[in-house]
Amino acid sequence: MAANTSPRTVGIFKALSEPNRIRILNQLQKCELCACKLPERIGLTQPAVSLHLKMLLSNGLVQVRLEGSNRMYSLTGLGRKVLSDTSKW
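Residue numbers (the working numbering): 2 to 90.
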């Protein structure tokens, strides 16, 4: 059986290869969060968090909505599935 090397699969694995992105996903698993709250929760700068969120967003693991001037992030269905599946590894 051939491995799934579709661009989407490769992107998801790249997104999961950075420990700080896993930490962000774990925070978002608990609840929806404003991007402004994530730096203090995971100990990174706002620019670093923004770069990680961009990668997670572009690979379909998180979604964003505007609430006033705040960007609220939450897991997508795919993000929840990936976290659930990888916790079994």
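By construction, the Cβ of each residue, glycine as well, lies at the ideal position given by its N, Cα and C atoms.
In whole angstroms, give me the CA-to-CA distance for residue i and residue j.
{"i": "P20", "j": "L67", "result": "26 Å"}
{"i": "K89", "j": "R72", "result": "31 Å"}
{"i": "T77", "j": "G44", "result": "23 Å"}
{"i": "S7", "j": "L58", "result": "18 Å"}
{"i": "K38", "j": "K82", "result": "24 Å"}
{"i": "S75", "j": "F14", "result": "19 Å"}
{"i": "G69", "j": "K55", "result": "20 Å"}
If I measure Cβ to Cβ from residue i and keep anything under 7 Å in the same chain, skipping five residues before and after, which residues do I get?
{"i": "P40", "result": "T46, Q47 and V50"}
{"i": "G61", "result": "T77 and L79"}
Are the beta-carbon atoms of residue i and residue j separated by less than 8 Å?
{"i": "G80", "j": "V65", "result": "no"}
{"i": "T87", "j": "L17", "result": "yes"}
{"i": "L26", "j": "L84", "result": "yes"}
Ordered along the chain, which non-local residues of its own chain (more than five positions away) have a Cβ less than 6 Å from that of residue i?
{"i": "R24", "result": "I43"}
{"i": "V11", "result": "none"}
Using 8 Å for Cβ pairs, my map puts residue i next to residue j. What's the rounded Cβ distance?
{"i": "R22", "j": "H53", "result": "5 Å"}
Only counting the same chain, and skipping five residues up and downstream in sequence, which positions put a Cβ closer than 8 Å to that of residue i?
{"i": "M2", "result": "Confidence at M2 is low in this model, with a pLDDT of 43, below 50, so its placement is unreliable and no value can be given for it."}
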